[in-house]
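The working numbering puts the first residue of the sequence shown at 247, with every later residue one more than the last.
Below: the structure, in structure tokens.
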Amino acid sequence: MNAVPQIPGRLLVAIGGNATHPEDIEGTSQEQKTIAARTAQALLPLAMLDNELIVTHGNGPVVGKILMRQALTRDRIVPMPLDICVAHSQGGIAYLLVQALENALREAGNGRHVACLLTQVEVDPEDAAFEDPAKPIGPFFDAEQAKQIGMELGWLMKEDSGRGWRHVVPSPRPKHICDVSLVQVLARRGTVVIAGGGGGIPVVRGPKGVRHGVAAVIDKDLTSALMANVLGIELLMILTAVPRVAIHFNTPRQEYLDRVTLRNLRALHAEGHFPAGSMGPKIDAAIRFLDGGGDRVIIAHIDQAMAALRGETGTHIVADDV
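As structure tokens, then:
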């Protein structure tokens, strides 16, 4: 690393869906509690700081399983639409994180509160994503399983980055985070705020301001970038399962990026280094955040959050004039 960055007083941290529901678990309640406790320990050093801290999270594995559970019981129980499934996943994941992080804080002798805000996010009803579903959710299947499930349930199935086949749904871009001022009020009071889970519950707004949900799952990193820009937060941290961003990934020429400017990142992205099914959405979010006025994005392993914040690890993406 070059210069050691200052520890910011305001921070938005985005954690991936696999940080709350990894692919290699069955998904039992006890497993999810254990994973939440592990995630809380990773976030604890950040929550122990005297800061404004907002946490967002993914929901891809969980909302996919909610849909699958509904499909298996559809002859007995009327299924819920996708926006309500997103709301269910947002509330359930946040409950586990709120409890786990407050427990970790109390064990450390810290009385800081943690709260969840159920978050609606407005999207454009004419977004092209509704015509081209591409957001993978839920578990992986082999090609034959995917074919059978697609025919049985009417789901669109696509191959996901060489790892298997998954159910895909529309993923429109976020336009407006509803009631974002409430996130700001709580954060300024010192509360750790968990918001925008799963990218937010997707809604569209009519001419009189009336909202209703739509069948989609918004990318949580794009919502995180928008939320941070709206709130004027200068640093966005994206925590994932890898220590740094790499180019020529998984080849003999693989090279990790420690520090990269926005201009250089755009060039690397244009060269195709960050596929849509892996690092692409995080890079898109980083670019949008810096274009929107942010100063720095850190992409790092969730277990190295504090070290990354101190500049000791992770990929640090900075505006061109930094």
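All C-beta atoms in this analysis are idealised placements derived from N, C-alpha and C, irrespective of residue type, glycine included.
query                                                                                                                                                                : result
What do you reckon, are the CB atoms on aspartate 504 and histidine 422 nearer than 8 Å?                                                                             : no
For proline 448, which of helix, strand or coil comes out of DSSP?                                                                                                   : strand
Quick one: complete alpha helix (DSSP H) runs, 4+ long, within the segment 312–368?                                                                                  : 328–353
On the criterion of 16 or more Cβ atoms from any shown chain inside 10 Å, does isoleucine 312 qualify as buried, or is it exposed?                                   : buried
I'd like the span of the alpha helix (DSSP H) that includes proline 521, first residue to last.                                                                      : Looking at the DSSP string, proline 521 is not in any alpha helix (DSSP H), and its letter there is neither H nor E.
For the pair the segment 279–293 and the segment 547–565, tell me if three or more CB-CB distances fall below 8 Å.                                                   : yes
For glycine 526, which residues of its own chain have a beta-carbon under 6 Å away from its beta-carbon, when the five flanking residues on both sides are left out? : Phe520
Output yes or no for whether 8 Å exceeds the beta carbon distance between isoleucine 261 and valine 301.                                                             : yes
So, using beta-carbon positions, are alanine 462 and valine 415 closer together than 8 Å?                                                                            : yes
Can you tell me where the alpha helix (DSSP H) with phenylalanine 386 in it begins and where it stops?                                                               : Where phenylalanine 386 is concerned, there is no enclosing alpha helix (DSSP H), although the beta strand (DSSP E) it sits in stretches over 381–387.
Can you give the beta carbon distance from isoleucine 533 to leucine 508, rounded, assuming they're within the 8 Å contact cut?                                      : 7 Å
Could you please give the first and the last residue of the uninterrupted alpha helix (DSSP H) stretch that includes glycine 526?                                    : 526–537
Between lysine 381 and glycine 443, what straight-line distance do the alpha-carbon atoms span, to the nearest angstrom?                                             : 16 Å
Using a Cβ-Cβ cut-off of 8 Å (strictly less than) and excluding sequence neighbours within five positions of valine 476, which residues of its own chain qualify?    : Ile423 and Val426
Any chance you could list the beta strand (DSSP E) runs of at least 3 consecutive residues sitting entirely within the segment 408–457, in chain order?              : 411–415, 420–423, 438–441 and 447–451
Rounded to whole angstroms, what is the Cα-Cα separation between proline 327 and isoleucine 395?                                                                     : 18 Å
Please tell me whether glycine 445 and isoleucine 464 are closer than 8 Å, where the distance is taken between their beta carbons.                                   : yes
Taking 7 Å as the cut-off, is the C-beta of glutamate 480 nearer than that to any heavy atom in the ligand MN?                                                       : Summarising the ligand content, the structure contains no ligands, and the ligand MN is consequently not present.
Nearest to tyrosine 341 by CA position, among Arg556, Phe387 and Ser275, is which residue?                                                                           : Ser275
Counting C-beta neighbours from all protein chains within 10 Å, is the total for aspartate 388 16 or more, i.e. buried, or is it exposed?                            : exposed
Can you tell me the Cα-Cα spacing of aspartate 370 and isoleucine 484, whole angstroms?                                                                              : 25 Å
Using the Cα positions of threonine 437 and arginine 284, report the straight-line distance between them to the nearest angstrom.                                    : 20 Å
When DSSP labels each residue in this structure, what does arginine 512 get in the three-state scheme?                                                               : helix
Roughly how many angstroms separate the alpha carbons of leucine 481 and glutamine 366, rounded to a whole number?                                                   : 23 Å
Just confirm the distance between the C-beta atoms of glycine 310 and proline 379, as a whole number of angstroms; I'd bet it's less than 8 Å.                       : Contact doesn't hold; Cβ gap of about 13 Å is too wide.
Kindly indicate which residue of Ala293, Lys466 and Lys279 has the alpha-carbon position closest to the one of alanine 361.                                          : Ala293
Let me check one thing: in DSSP terms, what residues is valine 259 bridge-paired to?                                                                                 : Val301 and Met483
Opposite isoleucine 292 in the DSSP bridges: which residues?                                                                                                         : Here the sequence assigns leucine to residue 292, which means isoleucine is not the residue at that position. Its beta-bridge partners do not exist; DSSP assigns none.
Whole angstroms is fine: what's the gap from alanine 516's alpha carbon to glutamate 298's?                                                                          : 35 Å
Since leucine 402 is in the alpha helix (DSSP H), which residue starts that stretch and which ends it?                                                               : Neither: leucine 402 is in no alpha helix (DSSP H) and is coded neither H nor E.
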